[in-house]
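Q:
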Amino acid sequence: MSHNMAWRGLWPWLCAASVALSLLLLGLLLALLLSRGLGHFWPAPLEAVTLTSGETFAGEAIREAKLPDQPGHERLYFIGNRDSSEHDPHGARFRWINLETIAQRDTSARLVRLSRSPWGDFIGRLEALEQGGQRLEGDAAWQALSQALAQPENTRPDAQLMLQPLNGDAFMQPLEEVYRASRPNAMTWLAKVRYWGTGVGQFLSQGPRAANTGGGVWPAIFGTVVMVIVMSVIVMPFGVLAAIYLNEIAEQNRFTRLVRIGVRNLAGVPSIVYGVFGLGAFVYGIGSTLDEWFFSARLPSPTFGTGGLLWASLTLALLTLPVVIVATEEGLARIPDAQREGAVALGATRLETLTRVVLPMAAPAMLTALILAVARAAGEVAPLMLVGVAKLAPQVPIDATFPYLHLERKFMHLGYHIFDTAFHGDSMQAAIPLVYATALLLVLIVLVLNLTAIFLRHYLRRKRGQPC
Amino acid sequence: MRLNRHATPPRLITRLAAVAIALAVAFVITFSITPAAANTTPVRGTLGAVGSDTMAGLMLRWGEALAQRYPDVTLQFQAGGSANAASALIAGTARLGPMSRPMTATEKQRFARRYGYPPLELKVARDALVVVVHRHNPLRALTRRQLDAIFSTTRHCGAARPILRWQALDATRDWPFGRIALHGRNLASGTHALFQRRALCGGEFRRDISEHPGSAAVVAAVGESPGAMGYAGYHHLSAAVRGVSLYNAAGKAIAPSRAAIQRGDYPLSRSLYLYVNAPPDAALPPAERALLKLIFSPRGQQIARAAGFVALPEPQRKAQNRW
Amino acid sequence: MTPPQKLQGTQPLRQFQDRLATCVIVVGAMAVLAAILAIGVFLVWQSLPVLFIPLETTVAKLSVLAWGTLKAALATLLFAIPVALCAAVYTALYLPARWRSRIKPALEMMEAVPGVVVGFIAGVILAPWIEQHLASALALLIWPPLSALLAGLLWQTLTPHRLPFSQAWLWLIPWLLAMGWLALWAAPLIEHQLLGDDLRRLLETRLGVDYATRNALIVGMAMGFAVVPGIYALADDALSEVPTSLLEGAQALGADRWQTLWRVALPAAGPGIFSAVLIGAGRAVGETMIVLMASSNAALTSASPFEGMRTIAAAVAIELPEAAPMSSTYHLLIFAALVLFVFTFLVNTLAEVVRLRLRTRLQRRGGGA
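Residue numbers (numbering that gives the first Met the number 0), protein chains in the order written: chain E, 0 to 467; chain F, 0 to 322; chain V, 0 to 368.
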């Protein structure tokens, strides 16, 4: 009996714990993304590691793991230097080192990290810089390198760097392939913050490098924005028209009730079904017909018979149509009939009632609808996998050549970029930091949009029911 | 008399919205107007390629190098599997189809039926199918029969019984324990099809293989799990896994090294193909020609090595370098 | 609302504009309806060739997918329903309106996190960790809920009436964090003492249970996270629409919290909660990215929670782009998409109908008192 009584008194705590757990999970997810995403740009300290076998190498410590078959741990180091794999039997950018085999670790201030293309990062020592016959060594070389990199890309001097990886022979590196250099062990805190800031700025403003494992996500941001704009231009007029029809013009009978239920249900249909429709009806159906009628000169290279901006925007417009209709209808239903009747009493036609009384009052609701549609479209990936995203589309869909907006081009999308970089890349370990950063960016965008919509809804609700 | 109090919309919000929309449009326009090219090169256009995820990194790096040389050319690439490349070439949705396996006779026939000429087949780099295990796994070498017995239900290569658990193999009798957790690619992948044809002797895969959308995911999954085994392309190997040596027909265990793959000694080595829709009577568009020229130049092969692949043997590179 | 009467022909331009506008609106709305119908029509039309494919191939292929979809949905609901319903009970019945209006949107933010991000974290970060620390993971699943009861006990005995129950959720957050830490610390020690060995190894050697890295457990947790806000929002709406007169009447008759909930609130809001669960099930069935990244996509029909599965949505996303148009695989996949469409549509319609019935029933009840 006392157990029963105890349970009766205690069970609400499970409910409170559910709320706490949900909030906690959300917070932990955001914290994970923030720490790993933003932390990626912070310059990590470099170590020169000497093993008990006498071998030396330089690298950045990433994480530790327990050894699976024996007691002890091993540590993952990023060593870069992919081009010295000709000499180095291990040949990979990462190495797992058993902690027991480490004889010595030191963090010399002279270790440099260069970001290069196409061979990726270099970690080691800068021996010398040769420029126009002159040879600078040691710190002078480092100064000259920093100065050269501070200049814009096409005005940099022609120079050769002599680089010494700790586990191989020295080699010459042309300066034009280097785009960033740092000495993380020697940086002050302020310099690190600046480096971090530059890193984040480059992430947001540059295109991908080295096949999506380095560089930034600018084309993905741009592509997502353009697609969202085209989608909004399609979905808002139709959604608002349908909402107006359902709410203002159609007779409120069983049919309209059915249509309303149908529209609400469509909001719950899986997004992949819209993708299937987009692929089958738009791309293979309308697209190839368009190609045959208007672009037959370009065949077999397809113009509209393949995925692209137009079909992706149309598919997502269809996907977000129910959201827009429902949100707009909510706004329209909130307007008291007295307003409409007052307008009619003053002699307004239906059009005038709509444009001068109803729609202005429903404007915040329509804005909410737009924001919700945009938030949904920014996060949906499944339909885009079918109708129009490219792995790398450095040519953005808008440029200076007529017709300025190229609806047949493929584009990059932030959400798809996450999936693609993680799974379709070279090495997942190398790609994960950038995936975190992109995921953080996407989550921040979507959260800000949703918070704005919620704020708007609250603002609307506070105005509800106030007398005319 | 405050009849109009709610007739006007909340001004602040509408204004904010108008400003936001104007900013967005201005943002898009400002950052999209690219300055006109100073020199009008004849090499311009968009190259559309659809196909193998294995070759994605390689095609992207070639595309980047091409864009550095000819700023008016861009490469658009959509990965998803070699089967995509064949369907895209046949359907006409792309002109370039990188594939990690050769086109089957059926695919070539369908192409020829549609266009009246066969696709142009080029070998652009070398790669190999490598069987990977966790870096601490004691397994060092497998025979072809054992490989087949592990991965397939049909055992066409001649093994007597399926190998399900690590205890069945000599090297791993004590550790790792349990079932061999298999990881592979999904149906759209050329790697999947090639492995089925060459390693399973045309047989069927087991039903319980975890299917991943990319080889990087396969390697990462095997690298986290001591009891896992998978197959992936050579260039996806990472420090977390080790490639298993395979016994060749003469009974010698060949390790998947760069030299062995280039020479073709490693049993599961393969060429990487690029299929081009090239009508035999017309010259290729200049953009495509520039790309092929880059691929078969020493610089192009160096880029292939930077991407982790194995370069073509010199004679093959020179023979195809006619662009 | 009554449509405006026709004007007496004084200003033909205004009338013309009015007629034109009405035309445009009607045409626009019809276009929207046509587009919506077109989806269903297209799916049905492109699925018809499936009738010509031998039944065995269709059944063989689709049964695996159907099983996988059901398994994923069940795993999801197993995690999502308790959390969402309990949270809804708390916010609807025990929180003052001011707090509720802040916490509810916060919980709905969970829905905003894109599926691709949840799938990435679950499949790439969480799954390997759980595989290597299975005992810790199970401890994390079991201990925090029990510790909540412990917290309640301590609360009642140590601080009888100083802090109101409506603040419990706030204090439970650091409590749960601390208890989670404790579970992570204690689990390896307990594992060693009680079992003497790694839990996973024991499962494989003693019980013969194979453990796949990405399995139904991971999918359930990840999709549960994504589906909880949907169920929560609707259940909360249903519970808060129960007229307070009913609840107050129960309390006046001497019922305690448990009896009020179990005998009055839940039965009154029952249909609404049922519809919330249905909608959650619809979402669980259709989610693509999470399953693609967090399940192993293995074509299995196993009932073990430690094995992977392949769902309809993931199969369509992977295979449709490479299926040649108008081939049999293409039609089969479109048929699978049609099955998804019809299922979610029916489930959502049922949920909506049930919800509307509940609303009229509550209005009648509440109005009577």
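Even for Gly, the Cβ is constructed at its ideal location relative to N, Cα and C. From a predicted model like this one, the values you see are computed outputs, not experimental measurements.
Put Trp95 of chain E into one of helix, strand or coil per three-state DSSP.
A: In this structure, Trp95 of chain E counts as strand in the three-state DSSP scheme.
Q: Report yes if the C-beta distance between Ala430 of chain E and Leu320 of chain E is below 9 Å; otherwise report no.
A: Not closer than 9 Å, so no.
Q: For Gly330 of chain E, which residues does DSSP report across the bridge?
A: Per DSSP, none; premise fails for Gly330 of chain E.
Q: Would you identify the three-state DSSP class for Tyr114 of chain F, choosing helix, strand or coil?
A: Looking at Tyr114 of chain F - three-state DSSP - the assignment turns out to be helix.
Q: Determine the chain F residues that contact Thr75 of chain V at a beta-carbon separation under 9 Å, and present them in chain order.
A: Simply none; closest approach about 20 Å.
Q: Going by beta carbon distance, what residues of the same chain come within less than 7 Å of Pro297 of chain F, once the five residues before and after it are set aside?
A: So no residue of the chain qualifies.
Q: Counting only beta-carbon separations shorter than 9 Å, does Ala82 of chain F have a partner in chain V?
A: Cβ-Cβ to chain V under 9 Å: yes for Ala82 of chain F.
Q: Considering only DSSP beta bridges, list what Ile38 of chain V is partnered with.
A: Answer is none; Ile38 of chain V lacks a bridge partner.
Q: What does Thr204 of chain V reach in chain F if we use C-beta pairs closer than 8 Å?
A: By Cβ distance, chain F contributes Phe176 and Gly177.
Q: What residues match up with Ile122 of chain E in a beta bridge as DSSP calls it?
A: Ile122 of chain E pairs with E:Arg112.
Q: Starting from the C-beta of Thr491 of chain E, find all residues in its chain whose C-beta is less than 7 Å away, skip the five residues before and the five after it, and write them out in chain order.
A: Absent from the structure is residue 491 of chain E, since the part of chain E shown begins at 0 and ends at 467.
Q: Are Gly213 of chain F and Met98 of chain F close, meaning C-beta to C-beta below 9 Å?
A: Their beta carbons are not under 9 Å apart, which means Gly213 of chain F does not touch Met98 of chain F by this criterion.
Q: Quick check on the DSSP output: the beta strand (DSSP E) that includes Glu59 of chain E runs from which residue to which?
A: Segment Thr55 to Lys65, the beta strand (DSSP E) holding Glu59 of chain E.
Q: Alpha carbon to alpha carbon, how far is Arg43 of chain F from Ala35 of chain F? Give it in angstroms, no decimals.
A: Note that Ala35 of chain F scores a pLDDT of 35, beneath 50, so its modelled location is shaky; the value from the coordinates is reported in the next line. Each residue's alpha carbon lies about 13 Å from the other.
Q: Between the beta-carbon of Asp120 of chain E and the beta-carbon of Asn80 of chain E, is there less than 9 Å?
A: Cβ distance < 9 Å, so Asp120 of chain E and Asn80 of chain E count as in contact.
Q: Around the C-beta of Leu162 of chain V, are 16 or more other C-beta atoms found within 10 angstroms, so that it is buried, or is it exposed?
A: Burial call: exposed.
Q: Return the chain-ordered ranges of every alpha helix (DSSP H) run that is complete within the stretch 190 to 253 of chain V and spans a minimum of 4 residues.
A: Entirely contained in the stretch 190 to 253 of chain V, the alpha helix (DSSP H) runs reaching 4 residues are, in chain order, 198 to 204, 215 to 239 and 243 to 251.
Q: Please work out which residues of its chain come closer than 6 Å, Cβ to Cβ, to Leu146 of chain F, disregarding the five sequence neighbours upstream and downstream, and give them in chain order.
A: Counting only Cβ-Cβ distances below 6 Å, and skipping sequence neighbours, we find Ala198.
Q: Could you tell me the distance, in whole angstroms, from the CA atom of Ala436 of chain E to the CA atom of Leu149 of chain V?
A: Each residue's alpha carbon lies about 39 Å from the other.
Q: Using the beta-carbon count (16 or more within 10 Å), is Ser204 of chain E buried or exposed?
A: Per the 10 Å Cβ criterion, exposed.
Q: List the residues of chain V that Ala90 of chain F touches, going by C-beta distances under 8 Å, in chain order.
A: Those are Ala323 and Pro324, listed as they occur along chain V.
Q: Does the beta-carbon of His457 of chain E have 16 or more other beta-carbons within 10 angstroms, so that it is buried, or is it exposed?
A: When all chains shown are included, His457 of chain E counts as exposed.
Q: Between V:Ala87, V:Met292, V:Ala312 and V:Ile278, which has its C-alpha nearest Ser270 of chain E's C-alpha?
A: It is V:Ala312 whose Cα lies nearest to the Cα of Ser270 of chain E.
Q: At the level of alpha carbons, what is the spacing between Leu77 of chain V and Ala158 of chain F?
A: One C-alpha to the other measures close to 43 Å.
Q: Verify whether the separation of the beta carbon atoms of Arg60 of chain F and Ala310 of chain F is less than 9 Å.
A: Contact flag unset, no.
Q: Helix, strand or coil for Thr328 of chain V? Go by DSSP, reduced to three states.
A: Helix at Thr328 of chain V.
Q: Classify Val225 of chain E: buried if its beta carbon has 16 or more other beta carbons within 10 angstroms, exposed otherwise.
A: Its Cβ being crowded by 16 or more others within 10 Å, Val225 of chain E is buried.
Q: Just to confirm the assignment, what range does the alpha helix (DSSP H) spanning Ala48 of chain F have?
A: Premise fails: Ala48 of chain F lies in the beta strand (DSSP E), Gly44 to Gly50, not in any alpha helix (DSSP H).
Q: Name the DSSP beta bridge partners of Pro104 of chain V, please?
A: In DSSP, Pro104 of chain V forms no bridge with anything.
Q: Which residue comes first and which comes last in the alpha helix (DSSP H) that contains Gln195 of chain F?
A: Unbroken alpha helix (DSSP H) run through Gln195 of chain F: Gly189 to Arg197.
Q: For Ser81 of chain F, which of helix, strand or coil comes out of DSSP?
A: Here Ser81 of chain F sits in helix by DSSP.
Q: Residues in the stretch 216 to 229 of chain E with C-beta within 8 Å of chain F's C-beta atoms, listed in sequence order?
A: Flagged, chain order: Phe221, Val224, Val225 and Ile228.
Q: For Leu189 of chain E, decide whether its Cβ has a neighbour in chain V, counting only Cβ atoms nearer than 9 Å.
A: Judged by the 9 Å Cβ criterion, Leu189 of chain E is not in contact with chain V.
Q: Between Thr212 of chain V and chain F, is the shortest Cβ-Cβ distance under 9 Å, so that the two count as touching?
A: Yes - at least one Cβ of chain F is within 9 Å of the one on Thr212 of chain V.
Q: Under a CB-based cut-off of 9 Å, is Met427 of chain E close to chain F?
A: True, the Cβ-Cβ gap to chain F drops below 9 Å.
Q: Are the beta-carbon atoms of Glu203 of chain F and Ala297 of chain V separated by less than 9 Å?
A: Not closer than 9 Å, so no.
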